[in-house]
Amino acid sequence: MQTHDAKRVEIIIEAPMERRLSGALMRAGVTGFTILPVLGGSGRSGQWSREGQVGRAGGMVCVTCIVRPERLDTLLDAAFSVVERHIGVVSITDCQVLRAERF
Amino acid sequence: MQTHDAKRVEIIIEAPMERRLSGALMRAGVTGFTILPVLGGSGRSGQWSREGQVGRAGGMVCVTCIVRPERLDTLLDAAFSVVERHIGVVSITDCQVLRAERF
Amino acid sequence: MQTHDAKRVEIIIEAPMERRLSGALMRAGVTGFTILPVLGGSGRSGQWSREGQVGRAGGMVCVTCIVRPERLDTLLDAAFSVVERHIGVVSITDCQVLRAERF
Amino acid sequence: MSGILDLALANLISPIILSFALGMAAAVARSDLSVPEAVAKGMSIYLLFSIGFKGGASVADHGLDARLVGTLIAGLALSAGLPFVAFALLRTITRLGVTDAAAVAAHYGSISIVTFVAATSVLQGAGLTAEGYMVAVAAVMEAPAILSALWLIQRKGGGSEEMDGALWREILLNGSIVLLVGAFLIGALTGQEGLERIAPFIVAPFQGVLCLFLLDMGLVAGRGLRDSRGHLGGGTLAFGLMMPPIGAAFGLIAALLLGLSAGGATLLMVLAASASYIAVPAAMRVALPEANPSIYLTLSLGVTFPFNLTLGIPLYVAVASAVVGG
Amino acid sequence: MSGILDLALANLISPIILSFALGMAAAVARSDLSVPEAVAKGMSIYLLFSIGFKGGASVADHGLDARLVGTLIAGLALSAGLPFVAFALLRTITRLGVTDAAAVAAHYGSISIVTFVAATSVLQGAGLTAEGYMVAVAAVMEAPAILSALWLIQRKGGGSEEMDGALWREILLNGSIVLLVGAFLIGALTGQEGLERIAPFIVAPFQGVLCLFLLDMGLVAGRGLRDSRGHLGGGTLAFGLMMPPIGAAFGLIAALLLGLSAGGATLLMVLAASASYIAVPAAMRVALPEANPSIYLTLSLGVTFPFNLTLGIPLYVAVASAVVGG
Amino acid sequence: MSGILDLALANLISPIILSFALGMAAAVARSDLSVPEAVAKGMSIYLLFSIGFKGGASVADHGLDARLVGTLIAGLALSAGLPFVAFALLRTITRLGVTDAAAVAAHYGSISIVTFVAATSVLQGAGLTAEGYMVAVAAVMEAPAILSALWLIQRKGGGSEEMDGALWREILLNGSIVLLVGAFLIGALTGQEGLERIAPFIVAPFQGVLCLFLLDMGLVAGRGLRDSRGHLGGGTLAFGLMMPPIGAAFGLIAALLLGLSAGGATLLMVLAASASYIAVPAAMRVALPEANPSIYLTLSLGVTFPFNLTLGIPLYVAVASAVVGG
Ligand SMILES: Nc1ncnc2c1ncn2[C@@H]1O[C@H](COP(=O)(O)O)[C@@H](O)[C@H]1O
Ligand SMILES: Nc1ncnc2c1ncn2[C@@H]1O[C@H](COP(=O)(O)O)[C@@H](O)[C@H]1O
Ligand SMILES: Nc1ncnc2c1ncn2[C@@H]1O[C@H](COP(=O)(O)O)[C@@H](O)[C@H]1O
Ligand code: NA
Ligand code: NA
Ligand code: NA
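Residue numbers (my numbering), protein chains in the order written: chain V, -11 to 91; chain B, -11 to 91; chain A, -11 to 91; chain Y, -19 to 306; chain R, -19 to 306; chain H, -19 to 306.
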C-alpha cells in the first residue's frame, strides 16, 4: 500500500492550556490533531493521577498532530509558543501515513 | 535487553466503526491491538470534543496494533478496507518490541 | 527548533499492576512518565473492553516514558521486572524532544 | 386560543425548559460548563428505564387496549413514510443533494425520546393521561425510517454502504430500544406492586433529573449551533421548523383514525414531529459516511428539538385537546 | 414447600431480578446497551455506603449484640476454610490444575456484596430483619480466602508471586472494604438521627438504584458468558452450581451454633454461598498472574452470581426460616 | 460558650463531616477507594444546581430585599480586598516568594462553594434561615480576587502571563459561576411552584449526596496532604488556619454594616473565610504557571477546607448568632 513520510508530534500539556494550544495550532494552519485523555503521570513537578488530584484543576491531555515533514517547524513554533512557560512534554517521531492528501 | 523490529500502526476512526475495524483485523489474522479513547480533535470535517459533541454519536477511538514487519501489508489492507469511505487517519511507525514471540 | 534524540517506551499493562510499575520506574530513577487510559483490546488472552469486562478487575493502562537514549536499558530492565510474569506489551520508538534538559 | 398561549407560557417558564435554555446560553457564550459524558449517559439510562417501566406498569394496570396493535402499526407506518415526505420537502426548498437529503429524512421519520419524555411531563402538568403503551410505539418508530432513507438513496442512484446484517443488528438492538422495551416489559410484568417498590427512584425525582438532562442537551445543542453557524442555509433552517408540524399533522390523523385519547394523540403527534439525534446519526455514520453529519445533527438537535420543546409540545397538546376533546 | 416456590416466584418476577435478566439478554443478543464504567462504579459506591450506614445505624439502635464478636470470628473462619472445601471439590470433579483451582477457591471463600445487598432486599420483602452487624461480617470475609488460596498453592508446589506487603495493604484496604466498614462506623456513630437526615437518599431510592445496578451486572455477566462459551467444562459449571449450597450449609451450621435470627442466618448463608468478583480477581491478577481469569470470572459472575440471585436466595431464606423458625 | 461546643460537637458527628473524615482516613492509609471523576463532577453539578435553585426560589418567595445590591457590592469588595490582607500576612509569616504568595492570596479572596453548601446545611440544622440571594453573592465573589492577585504580582515585579481576554472569559464564564447564577435565575423565575415540582430531586436527597461528595473531597484532600508532607512549612500551615477567622471577621463586619440576619451573616463569614480550590487554581495554571500548585492546593483544600468544615462553621454560626442575635 502506498505510504508517505510524515511527522508525528505528541504534546502533553495541562488541560487548562488545551484551548490555547489548539487555537495556536489552528492559527499556524495545523488543522488536524487528536486529543487523548491522560489518567496520570509523573515528572519534575511530582506524581499525579486524575482521581487523586487535588482540586482536579491540573489534569493533562495528550495532543497528537501528524503533519507533512515540511510543516514540522511551523507546528513546533506554534506549540512552543504555548508550552514555553508551562509544564509539559513535546516529542516528535517519524512516521508514514496512508492517504497523504489528507495532511 | 533483546529487542526485535516491529511496526506500530495507529488508526484513528469513528467509534461506530470500531467493531467493524476489529472484526476486519481479526479476520486478517491481526489478533493483537489496543483501543484508546479519544477526547476530541480537529480535521477537515471540523473540530469536535467528546463533551461538546452534537448527539455524541460520532466520537472517535484510536486503535494501535503492533505487528511483525512482514505482516504490515496484510494489516494495512484490512484496515484500509474499513476506513476507505470513512474519515480517519492511519499512521505507521517503526518500533522495537520485547518478547517478540508474542506478536 | 533545536531537538534532541530520545527513546519513547510504551508499556501496556494490567491496571492492578500499574502502581507496581510506576514504583519500579521511580526506583530505577525514571521519574517522567504519562499514563493513558485504555478502552479495550485484544491479544492472546482474548478480546476485552472496559465496559464489557467481567468484573472490571482487569482493565489495562498504557504507560509512556520518554528517556535519553543512554537510560533506555535501565528503564527496560525495570519495566521488564514487573511485566515479566504478566500479560502486556512493551514497545520502543526513536523520537526527538524539545527542551532536552527536562529528561 | 388563550388556552394555547397560557399553556405555551407555562411550558416556557417551567424548570425543564429554563434548564435547557440555560445550557444553550452557556454554550453560546462559550462557558466551559459541561456535563461529563458518563453522567449524561447515566441520566439517559435512568430516563429510558423510568419511562419504559411506568408505561409497562400502566398497561398492567389498565389492561391491554384493543388499539395497541393498531397503534404500533400506525407508528411503523409513520416512521417508514415520513422520510418520503421529508425528502420531497427537502429537495424542493433546500439545495441539499440526494445523500444529504436522504440522511436528514431518516432522522425525521425516526423519533426523539427526550422530546417524548418532556411531552409526558407536560401532559401530566395539564392533567391529561395517555395510553401506557405509547412508549412501545416510540420504540418501534426508531428504526424503520432508516430503511426508507437507504431505499431512497438506492433508487436515486446515490451510493450507500450495503445494508449488512451487522448494521441491522446494531440498529434494532441499539441500547435505547432494548432498554425502553425491556423496562416496559418489566413494568408490565411487575405492575403496580413493582412500581411502588421503586417509585421513590423512578417517579419522585424524575422531573429533577430531566432538568439536569435538558441542561446538558442545551449545552450540546448550543455548541452544535455555535459551531455550524453559516453551514445551514435558510431553506434548511425553514425545513427544521416546518417539518415538525407536518409530521404532527400526520400523527394527528393516525390518532383520530385509531381513536386514541387526547393524551395519546399528543404523544403520537410528538413522536411524528420529533427527529432522532442518537440512533439514526450513528447508523448514518456507518451506512452513509458521505452524508455531512453537521447538517443532520444541527437540524435535528439544534433546530427541531428546541422548537418542539418550547413551542411544539404545547401546540400539539392544545390541538389534540381541541380535536379529540380531552 | 409451596412457601419456597411462592418466595422463589415472587423473587423471580421482582424488578431487580428482571433487570438483571434484561441485562443478560441484551448482552447475549449483542446489543450495544452499556452502563458507563463511572456510573456503575458510582452506583456501587452508593450501595456500599447505604448498606454499611444502615447496618451501623441499626446496631446503634438495637444495641450491641453479644453475638457480634462470635459472628465476626465465624465469618473469618468460613472465609478462610471454604477455599479448602472448594479446592478439594474442584480437584475432584474438574480438570483444573492446581493454580486455577486455587484461584477459583479463593473466590468462593470470599463474598459478593451485591448478592448480600439483594438478599437484604428480599428479606425486607419477606418481613424478616437481620442483625445490623452482618455488614461488618461481610467486610471481614472479603480477604482471608485469598490467604488460604496462596497457602494452598505454595503447599502444592504451584508458583505464586511472593505475598508482599504492598499486596496485603491493597487487599485489606481495598475500596469496598474501607467504604463498607467506614459507612458502618458512621451509621453506628450518628445512629437513627443521622439516618433520618439522609434517608431520602440512602433508603427511599435504594431498590431502584439496585435495579439499574443489576441491569449492568447482567450486561457484564452476559458478556462474560457469551465470550467464554466453550471455555468452561461441564465439571467446572457443575462446581459453580454446587458450591453455593455447600457454602450455605456451612453458613447455616455456623448460624445455628451462634444462635442468629432467621434473617441473620440467611445472610450468613448468602455470604458463605456467594463468590467474589471484584476484590479477589484484582488480587489474583497480581499474585497469581498464571491463573486464567476467564475461568474464575465466568464461574463467579456468570454462573454462581445468577444462581444465587434467582434461586439461591429464596432457598436460603426458606431453609433458614424453617430451621431457625423466623 | 457551651452552646458553641455543643454545636461544634453536633457538627463533628454529623454524617457529612464523618464522611469527609472517612475519605481523608482512606487516602492517608493509601486505600484505593476512589470516586470516579465523572461522578464527582456530576455530584458537584447537582449541588450547584440545587443550591442555586433553592436560593432563587427563596428570593421569589420572600421578595427582593433592599440589601441585595449592598450585599453584592460587599461581596465584590471582600473578594477583591482580602487578597491584600492575605498577601501581607503571607509575606510576614512565611517564606513564600512574591509569585507564590500572590497565587495563594487569590485563593483566599475567592470562595469555596462546598464550604458554603455545608454551612447552609448546618444553618438548617440549627434552625436558622439566611437571605436567599447569598448564593448570588457567592457567585460574584469567585473572580475579583484573581484580578487583585495579578495586580499585586505586576506591582511587585513578578512576571505573569498577560491577562488576555480569553482568560477573562474563562474566569467569568467558568462552569460553576454560570450554573450557580443560572440555577438561581431559574429558581427565581419559577418560584415555589417550580421548586415543588423538583423538590424530591433537589431537596430531599441533598444531604445524602453531600455526604458522598464530601467523602470524595476527603479522599482528594487526604491524598494532597499525603503527597505534600514536608512541602509546607510551619508558617504556611499557620496561615491556612489563621486566615479563615481573619476573613470571617471582615465578613462579619460587612454583615453588621449591611444589617443581615444571623444566617446571612454566617454565610458571608463563611464565604470570606473559605478558599477556592477549583476556579482559581485553573486560572493560576494559565496566568501564573510559575506558581507552585502544590502550595496553594494543599493550603486551600488540605488545611483551610477541613478547618472550616469542622471547626470554622460552628464557630461562625455561634459568633454570628451572638453578635447579630439570631
Ligand atoms: N519523560 C517523560 N515521559 C513521559 N511523560 C512525561 C515525562 N516527563 C513529564 N511527563 C508528563 O508531563 C507531566 C508534567 O511533567 P513535569 O513538568 O516534569 O512535572 C507529567 O505529569 C507527565 O504526565
Ligand atoms: N493530521 C492529523 N493528526 C492527528 N489527527 C488527525 C489529523 N487529521 C485528522 N485527525 C483526526 O481525525 C479526525 C477526523 O479527521 P477529518 O476526517 O480530517 O475530519 C479528527 O477529528 C482528528 O481527531
Ligand atoms: N500486537 C499488539 N498490539 C497492540 N496491543 C496489543 C498487542 N498484543 C496485545 N496487546 C494488548 O495487550 C493486551 C493483553 O495482551 P495478551 O497478553 O496478548 O492477551 C491486549 O488486550 C491488548 O490491549
Ligand atoms: Na419523527
Ligand atoms: Na463465599
Ligand atoms: Na474567601
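C-beta: ideal position from N, C-alpha, C; glycine also.
Predicted model only: the values in this text are computed from it and were never measured.
Using a Cβ-based criterion (distance less than 7 Å to any ligand heavy atom), does residue i qualify as near ligand 6?
i: residue 90/H; result: yes
i: residue 279/H; result: no
i: residue 237/H; result: no
Under the three-state reduction of DSSP, which class applies to residue i: helix, strand or coil?
i: residue -10/V; result: coil
i: residue 37/A; result: strand
i: residue 6/B; result: helix
i: residue 29/V; result: strand
i: residue 309/Y; result: In the structure as shown, chain Y starts at -19 and stops at 306, and residue 309/Y therefore has no counterpart that could be examined.
i: residue 1/A; result: strand
i: residue 2/Y; result: helix
i: residue 44/V; result: Here residue 44/V scores only 45 on pLDDT, less than 50, and its place in the model should not be relied on; the value that follows carries that caveat. Note: residue 44/V maps to helix in three-state DSSP.
i: residue 24/V; result: strand
i: residue 81/V; result: strand
i: residue -7/R; result: coil
i: residue 239/Y; result: coil
i: residue 52/V; result: strand
Compute the minimum distance between the beta carbon of residue i and the heavy atoms of ligand 4, and state whether it is under 7 Å.
i: residue 253/Y; result: yes
i: residue -13/R; result: no
Mind checking whether the beta-carbon of residue i lies closer than 7 Å to any heavy atom of ligand 5?
i: residue 227/R; result: yes
i: residue 70/R; result: no
i: residue 62/R; result: yes
Quick check: is any heavy atom of ligand 2 less than 7 Å from the C-beta of residue i?
i: residue 22/V; result: yes
i: residue 0/B; result: yes
Could you compute how far the alpha carbon of residue i sits from the alpha carbon of residue j?
i: residue -5/Y; j: residue 211/Y; result: 31 Å
i: residue 193/R; j: residue 30/Y; result: 14 Å
i: residue 295/R; j: residue -15/R; result: 9 Å
i: residue 42/A; j: residue 66/H; result: Confidence at residue 42/A is low in this model, with a pLDDT of 46, below 50, so its placement is unreliable and the value that follows should be read with caution. C-alpha separation (whole angstroms): 52 Å.
i: residue 69/Y; j: residue 266/Y; result: 25 Å
i: residue 75/A; j: residue 147/H; result: 45 Å
i: residue 186/R; j: residue 27/R; result: 8 Å
i: residue 41/H; j: residue 168/H; result: 8 Å
Output needed for residue i: all residues of its chain with C-beta closer than 6 Å, excluding positions within five of it in sequence on either side, in chain order.
i: residue 200/R; result: none
i: residue 81/B; result: -4
With a threshold of 8 Å on Cβ separation, who are the neighbours of residue i within its own chain once the five nearest residues in sequence on each side are excluded?
i: residue 71/V; result: -1, 1, 5, 9 and 78
Here's a check: name, in chain order, each residue in its chain whose Cβ is nearer than 7 Å to the Cβ of residue i, leaving out the five neighbours to either side.
i: residue 258/Y; result: 156
i: residue 23/Y; result: 189, 192 and 193
Would you say the beta carbon of residue i comes nearer than 7 Å to a heavy atom of ligand 3?
i: residue 36/A; result: yes
i: residue 143/B; result: The structure shown has nothing for residue 143/B, since chain B only spans -11 to 91.
i: residue 30/A; result: yes
Strictly below 9 Å CB to CB, what residues from chain E border residue i?
i: residue 25/V; result: Here the protein chains are V, B, A, Y, R and H, and chain E is not one of them.
Any heavy atom of ligand 1 closer than 7 Å to the Cβ of residue i?
i: residue 90/A; result: yes
task = Would you check if there are 3 or more beta carbon pairs closer than 8 Å linking the region 113 to 129 of chain Y to the region 83 to 95 of chain Y?
result = Contact between the region 113 to 129 of chain Y and the region 83 to 95 of chain Y is present, with at least three C-beta pairs closer than 8 Å.
task = Flag this pair as touching only if the region 8 to 22 of chain B and the region 18 to 32 of chain A have three or more C-beta atom pairs under 8 Å; answer yes or no.
result = Because the criterion of three Cβ pairs below 8 Å is met, the region 8 to 22 of chain B and the region 18 to 32 of chain A touch.
ask   = Are the region 146 to 158 of chain H and the region 103 to 117 of chain H touching by the rule of at least three beta carbon pairs closer than 8 Å?
value = Judged by Cβ distances under 8 Å, the region 146 to 158 of chain H makes no contact with the region 103 to 117 of chain H, as fewer than three pairs qualify.
ask   = Three or more beta-carbon pairs under 8 Å between the region 45 to 58 of chain Y and the region 224 to 244 of chain Y, yes or no?
value = The answer is yes - the region 224 to 244 of chain Y touches the region 45 to 58 of chain Y, with three or more Cβ pairs under 8 Å.
message = Three or more C-beta pairs under 8 Å: does that hold for the region 4 to 12 of chain R against the region -2 to 17 of chain H?
response = Judged by Cβ distances under 8 Å, the region 4 to 12 of chain R makes no contact with the region -2 to 17 of chain H, as fewer than three pairs qualify.
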